[in-house]
Amino acid sequence: MARIGDGADLLKCSFCGKSQKQVKKLIAGPGVYICDECIDLCNEILEEELAEAAEVGMVALPKPREIFEFLEQYVVGQEAAKRSLAVAVYNHYKRVRAGEGPRPDAEDVELAKSNILLIGPTGCGKTYLAQTLAKMLNVPFAIADATALTEAGYVGEDVENILLKL
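For any residue, its number in my numbering is found by taking its place in the sequence shown, counting from 1, and adding 3.
Below, the structure written as structure tokens:
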């Protein structure tokens, strides 16, 4: 496969096809060969992907004030709701990030789990607030009608169907 068929013992890279005379180093594996140039290219690709993954994963956590100001740009009124959501979202992400890695002062910080219940008449902006937050934080958002949901084993939709929409 990597040998030239004219009888010469000239090996070539299994990826780019360059002969061992055209490259500085040719590393052998079981039945395959890779040159130093292809290794360098692979390393560059991996470094770029790791850098992109690090950027996506460790986006700076916006402060409650920044979240509130973002909501101010899109949502008219609802000042109390915007403030409450901004603080709740900030605390949620602090709690999530606190569990990501060992911290020397982690025992000193205690963040209680909390849920948010948006209550209001139809058309007051509950869904829009949630959609705007999801857009800012770049997280998935799904809307589902819960009236058709039933317990597993009964006629109707399962709760898992909501997750499929994500």
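We treat Cβ as the ideally placed atom computed from N, Cα and C, and that holds for glycine.
C16 and Y36 have their C-alpha atoms some 5 Å from each other. Secondary structure at S117: coil, using DSSP grouped into helix, strand and coil. Following the DSSP letters along the chain, one finds L132 inside the alpha helix (DSSP H) bounded by residues K129 to L140. In summary, V92 is buried, with 16 or more beta-carbon neighbours lying within 10 Å of its beta-carbon over all protein chains present. Here L167 is not near E160, since their CB atoms are 7 Å or more apart.
Look at the beta carbons and you see the segment 80-100 touching the segment 121-137: at least three pairs across the two are nearer than 8 Å. V142 and K24 have their alpha carbons spaced roughly 51 Å apart. DSSP places L167 inside the alpha helix (DSSP H), whose first and last residues are E163 to K168.
Going by beta carbons, A137 and I165 fall outside the 7 Å limit.
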